[in-house]
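**Student:** What follows is a single structure, and I will ask about it in a moment.
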Amino acid sequence: MDLDWKNLGFNIIKTDYNVRTVFRNGTWSELEVSSDEYLPIHMGATCLHYGQESFEGLKAYTGADGKIRLFRHRENARRMIRSARGILMAEVPEELFMEAVEKVVLLNKKYVPPYGLGASLYIRPLLIGTGAEVGVRPASEYTFLVFVMPVGPYFKTGFKPVDMMICRDHDRAAPQGTGHLKVGGNYAASMSSISEAHQKGYATAMYLDAREKKYIDECGPANFFGIKDNTYVTPKSQSILPSITNKSLQVLAESMGMNVEIRPVPVEELAEFDEVGACGTAAVITPIGKVVDVEKDITYTYGDTAKAGPITTKLYETLVGIQNRDIEDSFAWTKILD
Ligand code: PLP
Ligand code: COI
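Residue numbers (the numbering used here): 63 to 400.
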């Protein structure tokens with residue numbers, strides 16, 4: 063492959079194949095392999111008008127042993143089922159989801175970046191209402207497809223601290239809304255605040271709980287964690303996406319002898335953490351150097367703002383080590399594809 067693996071960003075790159083299936087009359091069709099990047103859909107499709115849309119994000123990695131691995135893809139299948147239930151879409155069965163993911167990676171094997179270059183194959187499953195309705199009601203037809211592209215770090219710095227801006231004038235999700243689901247509407251709601259954060263020189267916006275603006279929710283497309291007193295602290299909130307990366311880090315932190323606390327995290331606690339970071343599939347672990355509360359004129363700064371802290375580094379190396387098979391996968395989180 064003639065790709066500059068070391069300098070990949072997080073952008074659409076055309077690969078050879080995607081896989082698709084359609085839900086009609088109560089059943090999913092056989093998985094179809096396509097090399098078309100376009101979708102013919104009815105202009106009245108519910109995904110276009112009423113946001114019947116859910117996506118997932120996961121990655122395939124080339125290990126030190128040259129084998130391609132997926133990380134916890136059943137978890138993504140389960141989360142997409144929860145998203146489908148939440149906005150009344152047809153559910154993609156776990157086994158079909160996993161078959162589609164495995165198939166599309168193998169079909170695009172040559173795009174899986176080699177080991178050791180800090181890149182991976184990003185996998186984007188998408189479920190949309192393709193049946194036409196003009197009234198606000200669920201479609202009777204759905205399309206599920208999976209496409210892939212090689213990517214580098216989501217935040218340009220990679221594993222280097224970034225600055226984040228607390229957002230007080232926008233909410234990405236309502237307290238009893240869809241924030242815990244991976245549905246497009248949440249991302250539409252976050253566009254303007256993330257764009258404002260970018261314009262002001264921040265990596266992304268940090269959201270607070272929508273009801274009281276007292277507690278930390280999450281960081282753009284990633285969950286938040288803080289470290290203090292040998293404890294990994296991460297927000298408990300109804301309006302954040304339950305992150306598979308975060309869930310994995312909690313297990314790793316425990317296995318390193320740390321305590322794990324999942325609870326509301328008051329904004330002022332930012333002053334007490336020794337290290338803070340954002341985590342997610344795309345973000346991996348992105349250390350945070352500074353959090354700026356513009357409206358309150360407070361800046362929280364962490365250790366050496368040019369370098370991740372020791373615990374964040376250890377968590378990062380362990381997580382990435384398992385994904386790349388530098389470290390034994392004692393939790394059975396990965397699946398080898400041959
Ligand atoms: N929060 C949001 C809003 C996200 O979009 C993502 C990405 O999927 C995450 C958190 C991280 O979740 P995961 O670790 O499962 O990728
Ligand atoms: C991911 O981490 O996979 C995501 O889905 C984030 C995405 C919105 C870029």
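Glycine included, each C-beta is placed from N, C-alpha and C at the ideal position. Owing to the predicted nature of the structure, the values given are computational and were not obtained by experimental measurement.
Hey, could you find the ends of the beta strand (DSSP E) L399 is sitting in?
**Tutor:** It spans T396 to L399 - the beta strand (DSSP E) in which L399 sits, taken as one unbroken run.
**Student:** Give the single residue among G106, P187 and I149 whose Cα lies nearest to the Cα of G197.
**Tutor:** Among G106, P187 and I149, the Cα nearest to that of G197 is on G106.
**Student:** Please return the same chain residues whose Cβ sits closer than 6 Å to the Cβ of D388, not counting the five positions on each side in sequence.
**Tutor:** If we look at D388 and ignore the five residues flanking it on each side, its Cβ neighbours are A126.
**Student:** Taking only the alpha-carbon atoms, compute the straight-line gap between R230 and Y269 and give it to the nearest angstrom.
**Tutor:** Roughly 7 Å between the two C-alpha positions.
**Student:** Leaving out the 5 sequence neighbours to the left and right, which residues in its chain are closer than 7 Å to T124 when beta-carbon positions are compared?
**Tutor:** Around T124: I130, V174, P175, P176 and Y177.
**Student:** Is there at least one non-hydrogen atom of ligand 4 closer than 7 Å to the beta-carbon of T240?
**Tutor:** This structure simply doesn't include ligand 4; it includes ligand 1 and ligand 2 instead.
**Student:** Can we count A122 as close to ligand 1, meaning its CB is less than 7 Å from some heavy atom?
**Tutor:** No, Cβ of A122 sits at least 7 Å from all heavy atoms of ligand 1.
**Student:** Do A345 and ligand 2 come close, with the Cβ less than 7 Å from some heavy atom?
**Tutor:** Yes; taking the cut-off as 7 Å, the Cβ of A345 has a heavy atom of ligand 2 nearer than that.
**Student:** Sorry if obvious, but does the Cβ on S305 come closer than 7 Å to a heavy atom of ligand 1?
**Tutor:** Flag set: Cβ of S305 near ligand 1.
**Student:** With a threshold of 6 Å on Cβ separation, who are the neighbours of F213 within its own chain once the five nearest residues in sequence on each side are excluded?
**Tutor:** According to the sequence provided, residue 213 is Val. The question's Phe does not apply to it. For V213, where only same-chain residues beyond five positions count, the Cβ hits under 6 Å are L70, F72 and Y184.
**Student:** Using 10 angstroms around the beta-carbon of T89, count the other beta-carbons present and answer buried if the total reaches 16, otherwise exposed.
**Tutor:** T89 is exposed by the Cβ-count criterion.
**Student:** Regarding C229 and ligand 1, is the C-beta to nearest heavy atom distance less than 7 Å?
**Tutor:** No, the Cβ of C229 stays beyond 7 Å of every heavy atom of ligand 1.
**Student:** Enumerate in chain order the residues of its own chain whose CB-to-CB distance from Y79 is below 8 Å, with the five nearest sequence positions on each side excluded.
**Tutor:** Around Y79: V95, S96, S97, V166, L169 and N170.
**Student:** In whole angstroms, what is the alpha-carbon distance linking P237 and K298?
**Tutor:** Their Cα atoms are separated by approximately 12 Å.
**Student:** For the region 272-280 against the region 142-152, are there 3 or more C-beta pairs whose distance is under 8 Å?
**Tutor:** No, they do not touch.
**Student:** Going by DSSP, what residue range makes up the beta strand (DSSP E) through V329?
**Tutor:** Per DSSP, V329 belongs to no beta strand (DSSP E) and is neither H nor E.
**Student:** In three-state DSSP terms, what is E337?
**Tutor:** The answer is strand: DSSP assigns E337 an E or B state.
**Student:** At a cut-off of 7 Å, is P372 close to ligand 2 when judged by its beta-carbon and the heavy atoms of the ligand?
**Tutor:** Not so, every heavy atom of ligand 2 lies at least 7 Å from the Cβ.
**Student:** Between the Cα of A340 and the Cα atoms of T296, F206 and N321, which residue gives the shortest distance?
**Tutor:** Checking every option, the nearest Cα to that of A340 belongs to T296.
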